[in-house]
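Report on the following structure.
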Ligand SMILES: *Cc1c(COP(=O)(O)O)cnc(C)c1O
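Numbering (the working numbering), first residue to last: 41 to 342.
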């Protein structure tokens, strides 16, 4: 589908990196594909392979109306010659937002599920009714996190990244960071920044590691204080930060994941968290497709 070697690390020089003698790199996964956004490419890769190997011609997955995963799944399925069904949380809107429109234009069939049923979407009864309606399909969970997704995310770090001391990643379901934890080296430290409110995510990551028998060699730390009110919530200082960052470094950030991640990393830098001489890599996991819908909803101009 796309070359896995095409995600260069971009070094940026900031007033803080100079004064504190830090090297800051951005791993531009947002550049690897316009529609199969960043980490979602890695999460989908082995799932689509498995779907094809198991003889499926259709994938079915779930997501919110602005979901990066939905748009990425639609594009990836198209590239793999698979049909795609997207089950969208909530009521159908009178007009499709940019995320759903792009998914639809890539051939995904969209269906809506009321919020209560959606909460129970992984229960056998709901899945059975989906099979009654749509026949045979390969199911990819919401957010795309499963064993094969984590396996794919173990390939995010490459040889060049072995020189990094700190690797910083945003967290949604925890699938991406689980892959990073599975592949980072002993001397490295992974810092995770949750976009969701609450400490529950630490337990969930530990459960993912246990369930998929990942035994991190590296050290790691999860920060749960950069959620800006919770998932898909934001505050003026986050918006300001994203605008300034784009202006200064020509790197666009999304308000759901990467904006919170970069804000958190630079807050830690400002607080003197990193020893002099550290090489810090921030993984830009993509998500830029969501900006257009965000701007429309909130009359913003990110
Ligand atoms: C989905 C997504 C994440 C979160 O990935 P998880 O594996 O669910 O933790 C982070 N960043 C972006 C841009 C995403 O689209």
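Where a beta carbon is used, it is the ideal one built from N, C-alpha and C, also for glycine.
Keep in mind the model is a prediction, meaning the values are calculated, not measured.
Any non-hydrogen atom of ligand 1 closer than 6 Å to residue i Cβ
| i | result |
| --- | --- |
| residue 215 | yes |
| residue 349 | Any question about residue 349 goes unanswered here, given that the chain covers just 41 to 342. |
| residue 327 | yes |
| residue 108 | yes |
| residue 128 | no |
| residue 212 | yes |
| residue 271 | no |
| residue 297 | yes |
| residue 317 | no |
| residue 78 | yes |
| residue 312 | no |
| residue 147 | no |
| residue 183 | yes |
Continuous alpha helix (DSSP H) stretch holding residue i: start and end
| i | result |
| --- | --- |
| residue 193 | 187-193 |
| residue 229 | Not the alpha helix (DSSP H): residue 229 falls in the beta strand (DSSP E), residues 229-234. |
| residue 244 | 240-251 |
| residue 196 | Careful: residue 196 lies outside any alpha helix (DSSP H) and carries neither H nor E. |
| residue 179 | Per DSSP, residue 179 belongs to no alpha helix (DSSP H); it is in the beta strand (DSSP E), 178-180. |
| residue 217 | 215-223 |
Local Cβ density within 10 Å of residue i, reported as buried at 16 or more and exposed below that
| i | result |
| --- | --- |
| residue 186 | buried |
| residue 184 | buried |
| residue 326 | buried |
| residue 246 | exposed |
| residue 53 | exposed |
| residue 155 | exposed |
| residue 45 | Residue placement at residue 45 cannot be trusted, given a pLDDT of 49 that sits under 50; the coordinates are not used to answer. |
| residue 130 | exposed |
| residue 204 | buried |
| residue 209 | buried |
| residue 338 | exposed |
| residue 228 | buried |
| residue 198 | exposed |
| residue 48 | exposed |
| residue 116 | buried |
| residue 124 | buried |
| residue 316 | exposed |
| residue 171 | exposed |
Enclosing beta strand (DSSP E) for residue i [first to last residue]
| i | result |
| --- | --- |
| residue 102 | 98-103 |
| residue 123 | 123-129 |
| residue 259 | 259-263 |
| query | Going along the chain, which unbroken runs of the beta strand (DSSP E) with 3 or more residues stay wholly within the segment 134-167? | reply | 149-153
| request: Decide if the segment 233-249 is in contact with the segment 258-275; the criterion is three or more beta carbon pairs, one per stretch, under 8 Å apart. | output: yes
| field | Those runs of the beta strand (DSSP E) which lie wholly inside the segment 53-90 and span at least 3 residues | value | 63-68
| task | Flag this pair as touching only if the segment 87-104 and the segment 333-341 have three or more C-beta atom pairs under 8 Å; answer yes or no. | result | no
| task | Taking only runs that begin and end inside the segment 288-340, name each unbroken beta strand (DSSP E) of 3 or more residues, in chain order. | result | 319-324
| query | Does the segment 70-86 touch the segment 147-154, meaning 3 or more C-beta pairs lie closer than 8 Å? | reply | no
| contact_flag[the segment 55-75, the segment 95-104] where n(CB pairs < 8 Å) is 3 or more | no
| message | Taking 8 Å as the cut-off, does the segment 126-145 touch the segment 102-117 (at least 3 CB pairs, one atom from each stretch)? | response | yes
| said: I'd like to know if the segment 299-312 and the segment 277-284 are in contact, where contact means that at least 3 CB-CB pairs between them fall below 8 Å. | reply: yes
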